[in-house]
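Notes follow once the structure below has been shown.
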Amino acid sequence: MTTDLEGWVVRAGSPSMKTWVQHTSADGKIISGTWAATPGTYHATYSAYEFVHLIEGEIIITPDGGEAVTLRPGDAFVIEADFKGVWEITKPVLKHFVVQV
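Numbering (the numbering used here), first residue to last: -3 to 97.
Quick look at the structure:
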């Protein structure tokens, strides 16, 4: 379990996060697991592709220079490897993820 992510900077509130890695491919290029976070705002910089299935909570994701998208339980989406923008967590989040590094 990890408690923070490289490239994520708190912008508002006192959010916390936890990551449980449940599988890593033999070559280390694919990682999957579960992530939880409390309300708050981060500026995130991605260096890998991520597929997300939101289980609980609500997130407003705003790419730098782009429009906000609100995501709720049941939503699935992909974050591109070069994404930079804001993750505003408005309700406690639980998500499943697959990352290609």
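Idealized CB from N, CA, C, for every residue including glycine. These numbers were taken from a predicted model, which means no experiment stands behind them.
| said: Less than 9 Å between the beta carbons of residue 84 and residue 8, yes or no? | reply: Yes; because the gap between Cβ atoms is below 9 Å, this pair is in contact.
| request: Please classify residue 87: does DSSP put it in a helix, a strand, or coil? | output: strand
| query | So, are the CB atoms of residue 70 and residue 40 less than 9 Å apart? | reply | no
| Where residue -2 sits in the DSSP three-state scheme | For residue -2, the predicted structure reports a pLDDT of 48, less than 50, and the residue's modelled location is therefore unreliable. A value from the coordinates is still provided. For residue -2, the secondary structure class from DSSP, reduced to helix, strand or coil, is strand.
| field | Assigned exposure category for residue 87 - 16 Cβ within 10 Å defines buried | value | exposed
| Does any residue of chain B bring its CB to less than 9 Å from the CB of residue 85? | Among the protein chains of the structure shown there is no chain B, as only one such chain exists.
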